[in-house]
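When the letters of the sequence shown are read in order and numbered with the numbering used here, they come out as residues 10 to 466.
The beta carbon of each residue, even a glycine, is placed where N, CA and C say it ideally should be.
Given the structure is predicted, the values throughout are model-derived calculations rather than measurements.
Written below as structure tokens is the structure these notes are about.
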Amino acid sequence: MRTDTIAAIATGLSDSGIGIVRVSGEDAFFVLCRIFRKKNGEKLETFTSHHAYYGFIYDGEEKIDEVLVLVMKGPHSYTAEDTVEINCHGGIMVMRRILELVIRQGARAAEPGEFTKRAFLHGRMDLAQAEAVMDLIHAQNDYAMKASVRQLSGSVSKKIRELREKILYSIAFIESALDDPEHISLDGYGERLTEELMEIEKELQRLVDSFSNGRIISEGIKTVILGKPNVGKSSLMNVLLGEERAIVTNIAGTTRDTLEEKISLGGVTLNVIDTAGIRDTKDVVEQIGVDRAKQAALDADLVIYVVDGSAVLDENDREIIAFIRDKKAVVLLNKSDLEIKVSAEELEKKTGKKVIPVSAKEEQGLDVLEEEIKRSFYGGELKFNDEIMITNVRQKTALEEALTSIRMVKKSIGDGLPEDFFSIDLMDAYERLGAVIGESVEDDLVNEIFSQFCMGK
């Protein structure tokens with residue numbers, strides 16, 4: 010497969026100690042030899058793969074930068090093509106100048122994700138692994154990073170291939186029996202196939218179910234802080250952030266709109282939304298904020314209901330309690346450093362939720378909140394020993410479609426339909442699973458997936 014030569018800045022486009030310009034394709038070494046000279050001034054004419062060479066980048070006779078060049082011959086490179094990585098100083102002007110020079114020598118600017126796309130097209134990785142590359146780049150906590158590394162190493166792909174092999178064997182057996190009924194009998198095969206399909210169905214359902222935790226791990230827990238005005242919601246937000254982000258005053262109704270921030274709490278990412286205090290108000294602007302707070306809470310994965318422990322519960326509290334009854338929620342009994350007028354036991358009885366005494370002012374009780382969130386979403390902690398987790402919507406959809414096809418086969422068996430009906434849905438399940446790892450996807454979808462990658466990767 011002949012491909013043109015592409016180039017891009019592979020590191021962040023900002024001032025830094027080191028920058029990398031990556032070049033990949035059949036002319037990568039030709040381009041390098043035109044612009045690189047060794048320390049003694051000689052041009053690089055012969056080189057060994059996977060070696061580093063120290064020297065300078067030249068534009069004609071003008072010395073551009075002092076660099077270290079890594080040379081990798083295909084197929085033993087990330088893209089499986091001849092690849093050069095120019096490690097230069099990390100100034101924006103330097104990196105751009107070298108990239109422009111490389112392009113003038115015959116390369117072209119790479120599209121977003123094109124290096125990884127070439128790795129996929131050359132069979133260096135499948136589509137599930139390629140998507141894990143982007144997940145790893147965007148990982149915002151240890152859990153997300155570990156899940157991405159496992160998928161990049163092939164945990165999901167291995168399971169998908171095992172399931173496809175089982176389905177393909179069943180298809181082949183049915184087709185062989187239909188072609189040669191004298192030597193291969195299908196008597197009683199429906200019962201045997203049902204047992205096999207039950208195991209496949211169980212595995213597929215487990216993968217689909219893992220998406221709930223997988224999404225939360227990769228994207229974060231959509232969390233809404235809810236409560237009446239002046240109960241300490243914004244103070245809690247500031248404590249979680251570690252900075253004065255939300256305005257805090259003694260005036261009720263200070264927060265009139267939602268404020269969104271991303272917070273890491275004990276390795277778990279929370280996409281936290283601080284909201285306007287819930288109360289009846291005639292102020293039009295404040296009422297809009299209250300309505301937005303309720304809508305945000307409806308869409309949330311977790312509601313943190315903050316109660317002022319130094320004040321008795323009122324009608325606004327009762328409205329909030331009714332609102333969160335069917336939501337995953339935790340109740341924070343704030344201002345526990347003051348005289349308490351509502352007990353944790355009373356609140357637990359009224360809300361049916363875990364109640365944690367805290368003091369946002371004194372920063373007390375937040376460690377208990379952290380443990381409760383982990384318990385609510387991850388059963389206390391996440392284990393990555395043998396766990397396979399789906400974090401990608403596209404993969405989940407393909408798995409659900411495969412699961413539907415497997416169930417259609419079981420229904421056909423139960424309805425006593427001819428065996429050739431089994432093959433149709435089995436083949437559909439086989440192809441749907443192939444979509445997860447990229448063995449049966451259209452070019453447009455592949456292009457769309459890689460267009461979401463960052464430049465240089």
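Beta-carbon contacts of residue i that lie in its chain and below 7 Å, excluding the five residues immediately before and after
i: K359; result: I330
i: S25; result: G99
i: D13; result: G34 and R117
i: A305; result: V233, T267, I282 and T284
i: K175; result: E205 and I209
i: L412; result: E210, L213, Q214 and V217
i: M81; result: S58, H59 and T92
i: K405; result: V217, F220 and I399
i: S468; result: Outside the displayed span of the chain (10 to 466) sits residue 468, for which this structure offers no information.
i: S179; result: L202, E205 and L435
i: I15; result: S33, G34, A116, R117, A119 and E123
Inter-residue spacing [alpha-carbon to alpha-carbon] between residue i and residue j
i: G50; j: V30; result: 21 Å
i: D326; j: I333; result: 11 Å
i: Y198; j: E409; result: 25 Å
i: N456; j: P238; result: 49 Å
i: E205; j: V418; result: 11 Å
i: V315; j: S243; result: 10 Å
i: K52; j: Y63; result: 12 Å
i: A261; j: R384; result: Note that A261 has pLDDT 42, beneath the 50 cutoff, so the model's placement of it is unreliable and no number is given.
i: Y152; j: S164; result: 15 Å
i: R201; j: L195; result: 10 Å
i: V402; j: L77; result: 40 Å
i: E448; j: L41; result: 35 Å
i: A141; j: S352; result: 47 Å
i: K469; j: N96; result: For residue 469 there is no data in the structure shown, the boundaries of the chain being 10 and 466.
i: R301; j: D335; result: 19 Å
i: R46; j: I73; result: 11 Å
i: L136; j: I446; result: 5 Å
i: A186; j: R133; result: 37 Å
i: F56; j: D36; result: 15 Å
i: F38; j: R105; result: 20 Å
i: E94; j: D68; result: 17 Å
i: H280; j: I272; result: One detail in the question is off: residue 280 reads as Asn in this sequence, not His. So the two alpha carbons sit approximately 6 Å from each other.
i: L161; j: R170; result: 15 Å
i: E453; j: D323; result: In the sequence as presented, Glu is not what sits at residue 453; that position holds Asp. Each residue's alpha carbon lies about 57 Å from the other.
CB-CB length for residue i against residue j, believed under 8 Å
i: F459; j: T125; result: 6 Å
i: Y87; j: A128; result: 6 Å
i: A309; j: G223; result: So it is not a contact: roughly 18 Å between Cβ atoms.
i: E54; j: F65; result: About 16 Å separates the two Cβ atoms, so there is no contact after all.
i: S368; j: E348; result: Actually they do not touch by this definition, with Cβ atoms about 13 Å apart.
i: H131; j: A181; result: Their Cβ separation, rounded to whole angstroms, is 29 Å, which puts H131 and A181 out of contact at 8 Å.
i: G241; j: N343; result: 4 Å
i: V248; j: L341; result: Not a contact, Cβ separation roughly 11 Å.
i: A5; j: K466; result: Examination of residue 5 is not possible in this model, given that the chain is present from 10 through 466 alone.
i: I183; j: E428; result: 5 Å
i: V377; j: K350; result: Going by Cβ atoms, the distance from V377 to K350 rounds to 21 Å, so no, they are not a contact pair.
Nonlocal neighbours in the same chain, by C-beta distance under 6 Å from residue i, ignoring five residues either side
i: T278; result: Q149, N150 and G229
i: M464; result: A17 and P121
i: A338; result: V312, Y314 and K362
i: S414; result: D434, D437 and A438
i: K168; result: I397
i: M154; result: A148
i: V103; result: D74 and C97
Where residue i falls: helix, strand or coil (DSSP)
i: N343; result: strand
i: K383; result: helix
i: E90; result: coil
i: E371; result: coil
i: S179; result: helix
i: H192; result: coil
i: K8; result: Nothing about residue 8 can be read from this structure; the chain reaches only from 10 to 466.
i: I15; result: strand
i: F38; result: helix
i: D266; result: Any answer about D266 is weak, because its pLDDT of 46 lies below 50 and its placement is not dependable; what the coordinates show is given next. Reduced to three states, the DSSP call for D266 is coil.
i: D434; result: helix
i: T400; result: coil
i: H147; result: helix
i: D24; result: coil
i: V233; result: strand
i: V321; result: coil
i: K363; result: strand
i: E71; result: strand
i: A128; result: helix
i: E355; result: helix
Contacts around residue i, its chain only, beta-carbon distance under 8 Å, and the 5 residues preceding and following it disregarded
i: S421; result: F430, F431 and D434
i: E381; result: V339, K363 and I365
i: I112; result: A16 and A118
### Task
Decide if the stretch 210-228 is in contact with the stretch 141-156; the criterion is three or more beta carbon pairs, one per stretch, under 8 Å apart.
yes
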